[in-house]
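K.L.:
When you line the sequence shown up against the working numbering, it's residues 2 to 198, in that order. For glycine and all other residues, C-beta sits at the position ideal for the given N, C-alpha and C. On a predicted model such as this, the values are computed, not experimentally measured, just so you know. Sharing a structure here in structure tokens format.
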Amino acid sequence: MPKVVDSQERRRVVFDAVYDVIVEQGIAQVSLQRVASAADLAVGSVRHYFASQEVLLSEAATELIDRVSARLEQHRAQLDDGAEPLDVAKAMFAEMLPLNATTSREVTVWLEYNVAARTTPSLRPAARELHQGLRTLARIAVGATGPRPAAQFEVEVERLAALVDGLAMAATLYPRDLTRKGAKETLDRHLDQLWAG
Numbered sequence: 002m003p004k005v006v007d008s009q010e011r012r013r014v015v016f017d018a019v020y021d022v023i024v025e026q027g028i029a030q031v032s033l034q035r036v037a038s039a040a041d042l043a044v045g046s047v048r049h050y051f052a053s054q055e056v057l058l059s060e061a062a063t064e065l066i067d068r069v070s071a072r073l074e075q076h077r078a079q080l081d082d083g084a085e086p087l088d089v090a091k092a093m094f095a096e097m098l099p100l101n102a103t104t105s106r107e108v109t110v111w112l113e114y115n116v117a118a119r120t121t122p123s124l125r126p127a128a129r130e131l132h133q134g135l136r137t138l139a140r141i142a143v144g145a146t147g148p149r150p151a152a153q154f155e156v157e158v159e160r161l162a163a164l165v166d167g168l169a170m171a172a173t174l175y176p177r178d179l180t181r182k183g184a185k186e187t188l189d190r191h192l193d194q195l196w197a198g
């Protein structure tokens, strides 16, 4: 009897292997062979789902976005249960910082995509989507703090997004200088001030 393969689970394993290679060796080292080795699969098994490195990296970025989006939606759903919007905003933006093993890995992958997209056109759509997603979330958060003049609103959106970008990068690249606790406290303080008006 042939073995039945769960294609969704196999794809998840491959995506996790992509992220492992990116975190350990950098995005430039991602290849079908390296990913297959990291996933403990034959390269043909990886090629069955992903025809090329370009397709693999594109779909891995989409999967990363989907994973983060699912967690963001779980936080957003707490609003339906009466949670305080400020508390929900803090939890949502914390998903964008390297505060635990999962988010540390994701932020490292996100940074690698962004840097690589500068010189690799095929990665630009994924990097742009990650960039825009943070700004969309910032726009929603600033909108939840109450009415503001349009120019001030746009400045606050970019200020929040830039703060999260900067905290994510600094805490990933220089964790001794900006600890997880320090990154979270800085984020929370900014959101407290934003909500206070």
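Do you know offhand how far Ala29's Cα is from Ala118's?
P.N.:
Cα-Cα distance, rounded: 11 Å.
K.L.:
Between Leu73 and Leu138, is the Cβ-Cβ spacing less than 9 Å?
P.N.:
It is a contact, given that the beta carbons lie within the stated cut-off.
K.L.:
Of all the options Ala40, Ala151 and Val22, which has the alpha carbon lying nearest to the alpha carbon of Val14?
P.N.:
It is Ala40 whose Cα lies nearest to the Cα of Val14.
K.L.:
What is the DSSP secondary structure of Val31, reduced to helix, strand or coil?
P.N.:
In this structure, Val31 counts as coil in the three-state DSSP scheme.
K.L.:
Report back the beta-carbon spacing between Phe94 and Ala61 to the nearest angstrom; my notes put them in contact at under 8 Å.
P.N.:
Actually they do not touch by this definition, with Cβ atoms about 23 Å apart.
K.L.:
Just mark Asp166 as buried or exposed, buried being the case when its beta carbon has 16 or more other beta carbons within 10 Å.
P.N.:
Per the 10 Å Cβ criterion, buried.
K.L.:
If we count Cβ pairs, one from each stretch, closer than 8 Å, do we get three or more for the segment 104 to 116 versus the segment 124 to 134?
P.N.:
A contact exists between the segment 104 to 116 and the segment 124 to 134.
K.L.:
Counting only runs of 4+ residues fully inside the segment 51 to 109, write out the alpha helix (DSSP H) ranges in chain order.
P.N.:
Taking only runs of at least 4 residues, the alpha helix (DSSP H) segments lying wholly in the segment 51 to 109 are 54 to 81 and 86 to 95.
K.L.:
How long is the line joining the alpha carbons of Arg160 and Ala171, rounded to whole angstroms?
P.N.:
For Arg160 and Ala171, the distance between alpha carbons rounds to 16 Å.
K.L.:
Does the Cβ of Pro99 have 16 or more other Cβ atoms within 10 Å, making it buried, or fewer, making it exposed?
P.N.:
Burial call: buried.
K.L.:
Determine the extent of the alpha helix (DSSP H) in which Thr180 is found, giving its start and end residues.
P.N.:
From DSSP, Thr180 is part of no alpha helix (DSSP H); its letter is neither H nor E.
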